[in-house]
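Q: One structure, pasted below without further comment.
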Amino acid sequence: MMTETLLTLNALALLLRLLNSPSPGISGSLLFEEFPAVAGELVSGLFLKPTGCLGYLTDGHQGFADLVWCPEIRRHRYFSVSAGWVEVSAERINRYMVDVVVLLTWLQGLFGIGAHHRITSLIPDRFWHLGSARFHGCLTHVYFVRSLDSTERLLTFMSALEREASRAPAIVVCSSSRLPERMGLPRDMALEPLVSLMSRSHEHCFLDDLSIRALLRGASVAMSEEGGIGLSFTSDYRRVYWNGESYALTKKQSAVMEALHREGGRAHKDLLRASADTEEELHRIMRNKIQGKWAPHPLWNTLIVNEGNGYYHLNVG
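Numbering (our numbering), first residue to last: 53 to 369.
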């Protein structure tokens, strides 16, 4: 899935760093002097927009220098004790702010969300619904949230997310890599840092397919009921939540499920039988007695699939 505007990973890193700060802005002098490799990219791509001029600049170790307009050269300049009058380019004296609308529109393209989806603000300037896209056959809603670095922000976010529970399954991408622990997300919703979903094999931003697959099978929540998309488990694996349905497992069945999940969704039958501490064949383990008759468990040959040569995998798309 590609977005029309290519953005380098370094440029995205600076954008997210600014978004995680109290004020998502940066002076032109700092932008062009400290981040020259991405400054032009972000300004020309309209991710950063000028929002007025600074009144002064730092003059090395000599402190702050006031800017004055010189009509003869039609530029701002300041006086330095060591260098005299120093001309300053317009780019250096501008203050740039992150254009959140441009970033959100870019994120829609990154996730392959159609242009017909209208971006909806759920918490002003902090939490947005971007729309929905299909990943590996699973229609998934996508959200974006700024840093959840305070209790107040977290509580407001959780309240808004609860109201969105009907839109599961959903991926909520966060501008920050530091996420709160044990949040109790609504079922079939996952919260992930945006940077963790980026492919590391490209200079530019592309979604990492393996990371998306991991979210769809609930790999980020292997030990809890929290979050996960499409597939999640209780801590003892005695209950499975898959595509909006709940399934109970016996002790042996839960051991098979836990082993499959811990092996990344694929394992040999010998390992699975050993995990269940039995010599029974898997098809016998994965059956229930209903009204006096044995019947295959609903997850057998639907979620747990035989791929041949003694291997089984979790069929999560």
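Beta carbons are placed, not taken as given, at the ideal position from N, Cα and C, and that holds for glycine.
Is L249 near A212, with beta carbons less than 7 Å apart?
A: No, the Cβ-Cβ distance between L249 and A212 is not below 7 Å.
Q: Check for me: the beta strand (DSSP E) holding A300 runs from which residue to which?
A: Element bounds for A300: 297-300.
Q: What are the boundary residues of the beta strand (DSSP E) that G360 is part of?
A: Here the beta strand (DSSP E) through G360 covers 356-360.
Q: What do you reckon, are the CB atoms on S306 and R318 nearer than 7 Å?
A: Going by C-beta atoms, S306 is not nearer than 7 Å to R318.
Q: Where do the N-terminal and C-terminal ends of the beta strand (DSSP E) with A347 fall, by residue?
A: Taken as a continuous stretch (DSSP letters only), the beta strand (DSSP E) holding A347 covers 345-348.
Q: For F99, I'd like the list of residues in its chain whose CB is within less than 7 Å of its CB, leaving aside the five on either flank, ordered along the chain.
A: Here the set comprises L67, V150, D151, V154, L155.
Q: Across the segment 128-136 and the segment 176-190, are there enough close Cβ pairs to call them in contact, namely three or more that are closer than 8 Å?
A: No: fewer than three Cβ pairs fall under 8 Å.
Q: Rounding to the nearest angstrom, what Cα-Cα distance links H181 and R215 in this structure?
A: Rounded to whole angstroms, H181 to R215 spans 12 Å at the Cα level.
Q: Going residue by residue through the segment 74-101, where are the continuous beta strand (DSSP E) segments of at least 3 residues, counting only ones entirely within it?
A: For the segment 74-101, whole beta strand (DSSP E) runs of length 3 or above, ordered along the chain, are 77-79.
Q: According to the neighbour-count rule (16 or more other Cβ atoms, all chains shown, within 10 Å of its Cβ), is E359 buried or exposed?
A: The residue is exposed, with fewer than 16 neighbouring Cβ atoms inside 10 Å.
Q: Look up T192 in the DSSP assignment and give the residues it is bridged to.
A: The partner list for T192 (beta bridge, DSSP) reads A185.
Q: Do the segment 220-237 and the segment 195-203 meet, that is, are 3 or more Cβ pairs less than 8 Å apart?
A: These segments touch.
Q: State the Cα-Cα distance for the pair S263 and L207, rounded to the nearest angstrom.
A: Each residue's Cα considered, the two are about 27 Å apart.
Q: Do you know how far the Cα of L237 is from the Cα of M210?
A: If you take the alpha carbons of M210 and L237, they lie about 8 Å apart.
Q: In whole angstroms, what separates the C-alpha of S81 from that of I145?
A: The straight-line gap from Cα to Cα measures roughly 6 Å.
Q: Taking the alpha carbon of T286 as the reference point, which residue from C190, P348, R239 has its own alpha carbon closest?
A: Among C190, P348, R239, the Cα nearest to that of T286 belongs to R239.
Q: Using the Cβ count rule (16 or more neighbours within 10 Å means buried), how would you classify L379?
A: Here the chain comprises residues numbered 53 to 369, so residue 379 is not present and cannot be evaluated.
Q: Taking buried to mean at least 16 other C-beta atoms within 10 Å of its own C-beta, is V368 buried or exposed?
A: The residue in question, V368, is buried, as its Cβ has 16 or more Cβ neighbours within 10 Å.
Q: Would you kindly work out how many angstroms separate the C-alpha atoms of E244 and W158, rounded to a whole number?
A: So the two alpha carbons sit approximately 18 Å from each other.
Q: Taking the straight line between their C-alpha atoms, what separation do you get for S79 and L71?
A: Roughly 14 Å between the two C-alpha positions.
Q: Give me the residue from S284, F258, D288 with the minimum Cα distance to A266.
A: For A266, the nearest C-alpha among the options comes from S284.
Q: Output the distance between the C-alpha atoms of T313 and E331, rounded to the nearest integer angstrom.
A: One point to set straight first is that residue 313 is His, not Thr, in the sequence displayed. Their backbone Cα atoms lie some 20 Å apart in a straight line.
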